[in-house]
Amino acid sequence: MSFYRSLLAAVAAAVLITPVFAEDTADKTKSSSDVIQISQSDDQSKATVVSDQASDQSAQATPIDQTKINLNKADTKALTKIKGLNASKARAIVAYRKKHGDFKSLDELAKVKGFKKMKSEKLKAIQDQLTLES
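Here you go:
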């Protein structure tokens, strides 16, 4: 019988203490609800911290850079900046372009050596970083 009394006392104590800790936790989460926005330029990454108060005052953070690389004009150095492309794949793209001419669509990238067996999700992620326009 004493086991049940101890259990009941522990549950009652937990119920009484919970609101106190809940208020402390809510106050802490309000102050740590900052948003970090990351924008990436050529060689540097910048991080901008925007708090909820700043966004309430109509402050705008720096937008994320969405610059795409032109597949028909980029050299191997520029192509290696693309996430998912290493130097050998960049060289394969340049070699394919020299042999077959400019790419007519981004889907043609799947014909390049090293891309034929690549999973479609990874290929799509690479294509999203490329353009054929100048």
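The sequence shown runs 1362 to 1495 under my numbering.
Glycine included, every Cβ here is placed at the ideal spot set by N, Cα and C.
Quick caveat: nothing in here was measured; it's all calculated off a predicted structure.
Using a Cβ-Cβ cut-off of 8 Å (strictly less than) and excluding sequence neighbours within five positions of residue i, which residues of its own chain qualify?
i            : result
residue 1433 : 1458, 1463, 1464, 1493
residue 1477 : 1471
Could you give the residue range of the alpha helix (DSSP H) that holds residue i?
i            : result
residue 1488 : 1481–1488
residue 1451 : 1448–1461
Is residue i helix, strand or coil by DSSP?
i            : result
residue 1492 : strand
residue 1473 : coil
Report buried or exposed for residue i, applying the criterion of at least 16 other Cβ atoms within 10 angstroms of its Cβ.
i            : result
residue 1491 : buried
residue 1451 : buried
residue 1374 : exposed
Using a Cβ-Cβ cut-off of 7 Å (strictly less than) and excluding sequence neighbours within five positions of residue i, which residues of its own chain qualify?
i            : result
residue 1414 : Residue placement at residue 1414 is poorly supported in this model, since its pLDDT is 46, which falls under 50; the coordinates still yield a value, given next. For residue 1414, where only same-chain residues beyond five positions count, there are no Cβ hits under 7 Å.
residue 1446 : 1440, 1487
Name the DSSP bridge partner or partners of residue i?
i            : result
residue 1430 : 1491
What residues in its chain sit with their C-beta under 6 Å from that of residue i, if we drop five residues either side in the sequence?
i            : result
residue 1455 : 1437
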